[in-house]
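All residue numbers for the sequence shown refer to the numbering used here, where the first residue is 243 and numbers rise by one.
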Amino acid sequence: MLAKLCTFSLFGIQAAPVEVEVDISPGALPKLTLVGLAEQAVKESIHRIERAMANSGYQRPSDHVVINLSPADLPKDAGSFDLPIALGMLAASNQVDSDRMMAYAVVGELALDGSLRPVKGALSMAISARDQGKRGIVVPAASAQEAAVVEGIEVIPAGSLTEAVGFYSGQLPIEPAVFRRGDVLEQFGRYDIDYADVKGQELAKRAVTVAAAGSHHLLMIGSPGTGKTLLAQRMGSILPDLTPGESLETTQIYSAVGRLTPGQPLMLLRPFRSPHHTISEPGLVGGGSTPSPGEISLAHNGILFLDELPEFNRRTLEVLRQPLEEGNVTISRAMGSVTFPANLMLVAALNPCPCGFRGDPKRKCTCSSMQVERYMSKISGPLLDRIDIHLEVPPVPFREMSDDRVGTDSRQMRAQVVKAREIQQQRFGTERTQVNGRMTPRQIRKHCKLDAEAESLLKQAMEQMGLSARAHDKILRVSRTIADLEGCPNITAGHLSEAINYRTLDRNYWAG
């Protein structure tokens with residue numbers, strides 16, 4: 243007898259539909275054949291499936307069993323095929339009679355006792371099941387809340403093979419899982435850090451506000467202990483809330499790689515990723531024989547913080563150039579290409595020299611000019627060109643450290659950022675670009691017009707600092723954001739002057 247079920251295989255962060263066909267025919271000896279480009283993890287699962295069936299009280303088919311995973315040219319490499327294969331074997335051997343097999347897709351990894359373990363990518367699979375027109379999807383109970391985020395489809399939580407059989411046969415009614423956003427928001431939707439924790443550094447907070455308002459990349463340079471990391475870690479607390487679409491997209495990435503916090507079905511806070519400087523190129527941008535997202539995709543819709551930037555391998559940093567411009571990264575392998583989203587804010591921090599005290603008013607720098615040059619040469623000009631704001635973070639005086647007065651906090655900064663973002667949404671309307679930091683050259687010409695005074699100031703800065711055409715556009719984008727923060731429809735010389743000041747590190751540290 244032939245049985246068919248629908249399941250899914252993850253490729254990147256997307257779930258591709260897979261049809262599981264199980265055919266049982268008379269044979270002299272028991273034999274099982276698995277076809278359909280199954281990887282080793284799926285091949286090994288047969289022994290687990292057989293023991294789970296036996297320990298759940300079902301009989302292993304004693305005839306010739308052929309299991310086909312279609313389409314045949316799509317690699318299948320996950321434990322999530324266990325449950326659909328087991329149900330197919332039971333249906334083909336007349337141990338389960340169901341008319342729900344094709345109406346409800348199914349995923350799940352079996353333990354030897356027949357219980358179900360959570361699977362990666364349950365959210366992507368639920369989305370794909372809905373898009374395929376399925377009535378619902380059966381998932382392990384531990385993955386049900388994650389899949390229930392998707393509207394328009396029933397998510398059936400099953401704790402074991404026996405429960406799944408009971409549901410498909412109609413003998414065990416199981417209520418669909420319900421996503422409760424309020425409960426998740428209460429538990430996972432609040433920040434416990436604030437810019438009020440950062441003493442002094444009001445000018446740095448201003449630059450951070452500008453960066454957040456326009457989604458501009460930010461580079462901070464200063465001696466150790468000046469607060470660069472504190473400033474970066476709190477940036478998420480002033481950014482606008484994730485939209486429902488952004489939240490779903492971000493959760494999809496974390497779900498596909500199994501990085502969701504236990505009990506958290508949906509990402510409600512913007513991700514903050516801070517990889518160590520020993521990270522490899524595939525770890526940063528993604529890779530592997532089966533492409534998996536890297537840190538820049540895990541930071542999608544959030545912040546990628548690279549501390550001690552010159553300590554990163556220069557080749558590793560260079561792979562950032564294209565994703566920073568395009569907002570995505572494409573990984574090509576023999577089996578195909580996968581494009582991962584990477585729409586992020588890059589925040590980087592570094593010391594001004596190897597010892598860290600170049601320019602410090604109280605500590606003497608012990609580095610030679612050659613050491614400083616070698617240290618800074620690890621950051622290429624083209625990468626630096628792609629960073630909108632260069633911020634010098636000076637040491638905090640003792641009087642500010644001991645002052646009991648609270649400085650600018652996240653609530654005040656966030657109010658400014660949200661107001662500026664609303665202005666940008668009105669400006670761009672339904673266009674793909676929604677923030678100043680991603681404006682195209684055509685949009686820059688349209689929205690960043692200068693008067694004669696500002697034009698003269700920009701020309702002078704370009705000639706004196708030797709800035710590139712890309713840096714010219716960056717200055718105009720930042721100027722537009724500064725004007726939005728002040729609610730000004732036009733860019734003035736004052737706005738442009740502040741934006742130019744955020745490029746002076748080109749001259750001070752790299753232009754020699």
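Even for Gly, the Cβ is constructed at its ideal location relative to N, Cα and C. Just so you know, these numbers come straight off a predicted model, no measurement behind them.
With a minimum length of 3 residues, the unbroken runs of beta strand (DSSP E) contained wholly in the segment 513 to 580 fall at 545 to 548 and 570 to 575. With 16 or more other Cβ atoms from the protein chains shown falling within 10 Å of its own Cβ, PHE409 counts as buried.
A check of alpha carbon separations from GLU261 across CYS248, ALA386 and PHE253 identifies CYS248 as the nearest.
Here the C-alpha atom of VAL380 lies approximately 23 Å from the C-alpha atom of MET243. Collapsing the DSSP output to three states places LYS273 in a strand. According to the DSSP assignment, SER251 belongs to the beta strand (DSSP E) that extends over 244 to 253. By the neighbour-count criterion, in which a residue is buried when 16 or more other Cβ atoms sit within 10 angstroms of its Cβ, THR485 is exposed. Check the Cα spacing between ASP339 and each of ARG359, ALA406, ILE521 and LEU279: the tightest is with ALA406. Taking all protein chains in view, the Cβ of THR493 is crowded by 16 or more other Cβ atoms within 10 Å, so the residue is classified as buried. The C-beta distance from HIS737 to ASP630 rounds to 14 Å, too long to meet the 8 Å contact threshold. Here THR451 is buried: its Cβ has 16 or more other Cβ atoms, across all protein chains shown, within 10 Å. The residue from VAL635, ARG563, LYS376 and GLN654 with its alpha-carbon nearest to that of LEU625 is ARG563.
Counting along the chain, no beta strand (DSSP E) covers SER411; the unbroken alpha helix (DSSP H) around it starts and ends at 403 to 411. By the C-beta density criterion, GLU396 is buried, having at least 16 other C-beta atoms within 10 angstroms. Annotation: ARG515 to ALA353 spans about 33 Å, alpha carbon to alpha carbon. Boundaries of the beta strand (DSSP E) harbouring HIS632: 631 to 634, taken from the DSSP string. For TYR744, no alpha helix (DSSP H) segment is defined, and its DSSP state is neither H nor E.
Counted as a single uninterrupted DSSP element, the stretch harbouring ASN297 is not any beta strand (DSSP E) but the alpha helix (DSSP H) occupying residues 282 to 297.
Contact annotation: HIS714 and MET704 have beta-carbon atoms nearer than 8 Å. Residue state for TYR496 is assigned as helix, using DSSP reduced to three classes. Within the DSSP bridge table, the entry for MET462 names ALA591 and LEU633 as partners.
Per DSSP, the continuous beta strand (DSSP E) segment holding ALA258 begins and ends at 256 to 267.
Cβ atoms of PRO535 and VAL499 come within 8 Å of each other, at about 6 Å. With fewer than 16 other CB atoms across the displayed protein chains lying within 10 angstroms of its CB, ASN732 is exposed. Within the same chain, GLU523, GLY536 and ILE573 come within 8 Å of GLY529 by CB-CB distance, once the 5 residues on both sides are set aside.
VAL638 is positioned such that its CB atom lies closer than 8 Å to that of GLY469. Annotation note: the segment 365 to 405 contains the following uninterrupted alpha helix (DSSP H) runs of length 4 or greater, listed N- to C-terminal: 386 to 389. With contact defined as three or more Cβ pairs closer than 8 Å, the segment 664 to 684 and the segment 502 to 509 are not in contact.
For PHE582, the three-state secondary structure derived from DSSP is strand.
Around the CB of VAL348, 16 or more other CB atoms lie within 10 Å, so the residue is classed as buried.
Per DSSP, SER312 is one residue of the beta strand (DSSP E) stretching across 306 to 312. The C-beta distance from VAL284 to LYS318 rounds to 5 Å, short enough to fall under 8 Å. A Cβ-Cβ separation of about 24 Å leaves PRO513 out of contact with ILE621 under the 8 Å criterion. When the five nearest sequence neighbours on each side are left out, the beta carbons in the same chain lying within less than 7 Å of the beta carbon of ALA741 are those of ILE717, VAL720, SER721 and ILE724, in order along the chain. A residue is called buried once 16 or more other Cβ atoms fall within 10 Å of its Cβ, and ALA400 is buried on that count. Restricting attention to SER402, PHE430, MET477 and VAL440, the CA atom closest to the CA of GLY299 is found in SER402.
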